[in-house]
Amino acid sequence: MLQRDQQRFEDSLKRIDINPLGAAALSGTTYPIDRHETTALLNFGSLYENSLDAVSDRDYIIETLHNISLTMVHLSRFAEEIIFWSTDEAKFITLSDAFSTGSSIMPQKKNPDMAELIRGKVGRTTVI
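For the sequence shown, our numbering assigns the number 994 to the initial residue and increments by one for each residue that follows.
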């Protein structure tokens, strides 16, 4: 799951790593620049062939936000499993004190704080 998420980010980077230099609103530039040279000097993966596309492309933003949102959903699912596995009913795992806190009412109880925070933050990314 998380490997696929990483692959999505790496695949998106190919569409982000494009040199827009030399493009201007609706047209290119009259300055004598070598776009291939600036692409190489700035270590871009490629360059935009169409200047209108270079100045109006917003696909990468939506794609990156989607990747973030989907990764957070996957992390939330994993966090939910950790929360359940650490309950007294399941007793499948025991969390280290570094990843949990005690309860103010029941000092012997361990609350999986990190997992609960991850699970709770997913809503901030899926709303986008």
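Here a beta-carbon is modelled for each residue, glycine too, at the ideal position from N, C-alpha and C.
- Under the 10 Å beta carbon count, M1099 is surrounded by fewer than 16 other beta carbons and is classified as exposed.
- In this structure, D1052 places its C-beta atom within 8 Å of the C-beta atom of R1008.
- Under the 10 Å beta carbon count, A1072 is surrounded by 16 or more other beta carbons and is classified as buried.
- Distance between G1038 and L1058, taken at the CA atoms: about 21 Å.
- Contact between the segment 1067-1081 and the segment 1107-1116 is established, with three or more Cβ pairs separated by less than 8 Å.
- Residue range 1052-1078 is occupied by the alpha helix (DSSP H) that includes E1074.
- Between the alpha carbons of A1017 and F1092 lies a distance of about 51 Å.
- Non-local beta-carbon contacts of A1083 in its own chain, meaning distances under 6 Å to residues more than five positions away in sequence, involve F1077 in chain order.
- Bounds of the alpha helix (DSSP H) holding D998 are 995-1009.
- Taking L1088 as the centre and dropping the five residues before and after it, the same chain places the C-beta of S1079, K1103, P1105 closer than 6 Å to its C-beta, in chain order.
- In the three-state DSSP reduction, T1023 falls in the coil class, being neither helix nor strand.
- Straight-line spacing of the CA atoms in R1001 and L1034 works out to 27 Å.
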